[in-house]
Structures are given as structure tokens and as C-alpha cells.
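Report on one structure; see the data block that follows.
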Amino acid sequence: MNSSLLTIVLIFAVLSVVHLMYYVVGRIQPDKDYTGLGFRIKTWWGMLLIFCLATLFNPVVSLLSLMVLAFFALKEYFSMIKSKKADRRLFLWAYLSIPAQFYWIYIGWYGMFIVFIPIYVFLFLPLPRLINKGTVGFLRSVSRVQWGLMLMVFGLSHLAYFQFATPQYGGGLVLFLVVLTQLGDVVHYLASIYFGKRKVVPTANPNLTWEGFACAFLVTTGASYLIYPYLTPLNLTFGIVSGMLISLSGFFGSLTVSVLKRDLLIGDDDKFDALKKSYLSRVDSLTYTSPIFFHVIRYFFDFM
């Protein structure tokens, strides 16, 4: 508990400094757009609160908080879809799958947790769309909902499973994952603002550049080397490889969600700009880094 409290105090101090620097730099350089960083900082404060509650009280608090986060992320994803009346039952069934997915985590049923959305929900989700709803737009409706469930619910739910899979190391592993994921996002964002030239997907997200990716990869890997001994039971090789893996998967997560949003909101630029401030934009990288890091660690280490 003492080490956990020390970690929380250190994170609080670092976040306070970062928030102050953001405020000062924003005043000094008003011509630069730091709004994306501001929303990331707000997200960090929320994650720190969740981590504090889970550490000081019970992992169930963290599980419930992450379940609410998954709900809002899925809700914002559905708000981007130009849906028909026939799709509303699909949305309802999708929402009902959220408490079920997190219940498997609570009881520690890994087998059901890992197959529930990819297999059972995938197979039975089309039923409300099939019955008396015709065939027009069937594939588009079902596939979009399943995509949302895989990213916003299945992907993010892995964050909650760490503390139930390994109570001894779960909190530290989650903190390690979240810190590196968010650090990679911020370094990529800042590097792209200051000297990013070659955009990865200009039509979807101008803040994703190859220069930003290179900087984020180096910084995240270096940070992983520095903090893995304090937050994880990993050895040196996996401590460094984990940083590289989190950086790569976080980049693909941001890229995928950016392109996905642009595809769903073609012709609706106002809504696209508004969703840059959403939950979805703050957790896009975590939808990839969480499951990838979880399964790599579980495959190579017995403590999971």
C-alpha cells in the first residue's frame, strides 16, 4: 500500500507540473493549437482518480468506472452513425452486452470474457435486425455495430481485467500501460505541431505525422526502460519491448479511429470537429494497446 500511495503522489505531482506548463505555454504561444493536449490532461486527471479509488478501496470501483467509460465511448461512436429506426434494437443489444462483458471480468471467467463479443455477440447480434426488418442495409448496420463493440467495449475491457487476472501486479501494469500510451500520444501530437511535415493520413487527422510517430516511438521506449522496474515484474528485455509494442499499437489505434471517424462523418465537418473533444478521441489508442499488451504479457508470463 505504501508503494502504491507513493506512486499516486508522484503521479499527482507530475500531472500538476504538466497542467501548469500547459497553462503557461498556452498563454505564451496563443497561435499554437494545444486544445488536444488540454483534453488529454483532463483525461489523465480522471484516470488518476480511477486509479486512486481502485488502489485505496477496491478493484471493483475501477471495473465499474471503466464500464462507464466503455459505455460513453460506444455511445459517441453510435452518435456518428447515420442510423435508421431499424437499427435502434441493434444499439440496445450492444449496450446490454457491456455489463455482461464486465461481469465475466468480475467473476474471473476468462474463457467467456475472450469469446463473448467476438463470437457470441457476433453470431446473435443480427437477430433483432433480421426479424421483420428486411434486407436493405443489413450488412452495413450489423458490421458497424460489431466494429464499435470490438473497439470500445472488447478492447477497453482488457484494462479492467489486469487487476483481476493478477491482483498483485495488475494496478502497476495498468498504470504502466496508460502512462506509456498517453505519453506516446502527447509526444506524437507535440512533435507533429512543431516539426511534423509528412502527414500519415492528411484527410483524416493532420496531427498524425511520420516525424511525430518517430519521436513518440523513441520517447515511449525510453520511458518504458526507466519506469518498468517500478511498476511491473517484467525483465529488461520485455520492459523495453513493451514500450515499443505500446507505441506501435497506440499509433495504429489512433490512426484507425481517426480514419473510422472521418469515414462515418463524411460531409459533416462540424460534428467531426466536435468529436475531437470526445471520450472516443481520448481513448482511441487504448482500444489497441490494452488487448495487445494484455495478451502478450499473458502469453509469456505465468503471473497472468
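Letter by letter, the sequence shown follows residues 819 to 1122 in the working numbering.
Glycine included, every Cβ here is placed at the ideal spot set by N, Cα and C.
Since this is a predicted model, take the numbers as computed values, not measurements.
Residue i, buried or exposed, once every other Cβ within 10 Å from all chains shown has been counted against 16
i, result
"G1085", "Note on G1085: pLDDT 49, under 50, position unreliable in the model; no value is reported."
"F1118", "exposed"
"D905", "buried"
"K900", "exposed"
"Q1000", "buried"
"S880", "buried"
"R817", "Outside the displayed span of the chain (819 to 1122) sits residue 817, for which this structure offers no information."
Selection from the options that minimises the alpha carbon distance to residue i
i, options, result
"L1104", "L969, D1081, Y840, I1011", "L969"
"Y928", "I899, F982, I1058", "F982"
"D1081", "A831, L828, L974, Y895", "Y895"
"T984", "S1076, I1115, F830, V1077", "I1115"
"F1111", "G1040, V1077, L998", "L998"
"N876", "S1042, Y924, K903, K860", "Y924"
"K860", "V878, L957, G844, H837", "H837"
"S1201", "T1021, W1028, G1040, V1059", "Lying before the first or after the last residue shown, residue 1201 is absent from the chain, which here runs from 819 to 1122."
"G864", "G966, L828, S883", "S883"
"I916", "S897, F994, F972", "F972"
"F956", "W922, K903, L1049, V996", "K903"
"V1200", "I829, G856, V996", "The displayed coordinates of the chain run from 819 to 1122. Any statement about residue 1200 would go beyond what the structure contains."
"G1014", "W1028, Y1048, V1059", "W1028"
"Y979", "M1122, Y938, L941, F830", "M1122"
"L945", "W922, G926, F909", "F909"
Residue range of the unbroken beta strand (DSSP E) whose run includes residue i
i, result
"K893", "That residue, K893, is in no beta strand (DSSP E); its alpha helix (DSSP H) goes 877-898."
"K902", "Run containing K902: none; DSSP gives neither H nor E here."
Under 8 Å between C-beta atoms of residue i and residue j
i, j, result
"L943", "Q919", "no"
"L977", "V992", "yes"
"A891", "L974", "yes"
"A1034", "S1065", "yes"
"G1068", "D1003", "yes"
"V1037", "L1026", "no"
"Y987", "P1051", "yes"
"G1030", "S1042", "no"
"G1061", "D1102", "no"
"F994", "Y938", "no"
Residue i: first and last residue of the uninterrupted alpha helix (DSSP H) it sits in
i, result
"P1047", "1028-1049"
"K1017", "Careful: K1017 lies outside any alpha helix (DSSP H), inside the beta strand (DSSP E) at 1017-1019."
"P946", "945-948"
"M970", "First-last for M970: undefined, no H or E at that position."
"Q981", "974-983"
"F1112", "1104-1118"
"L1078", "1054-1082"
Any C-beta of chain D under 8 Å from that of residue i
i, result
"Q964", "As a matter of chain content, chain D is missing from the structure shown, which is built from one protein chain."
Hey, is the stretch 922-936 in contact with the stretch 999-1018, meaning 3+ C-beta pairs nearer than 8 Å?
Short answer: they don't touch.
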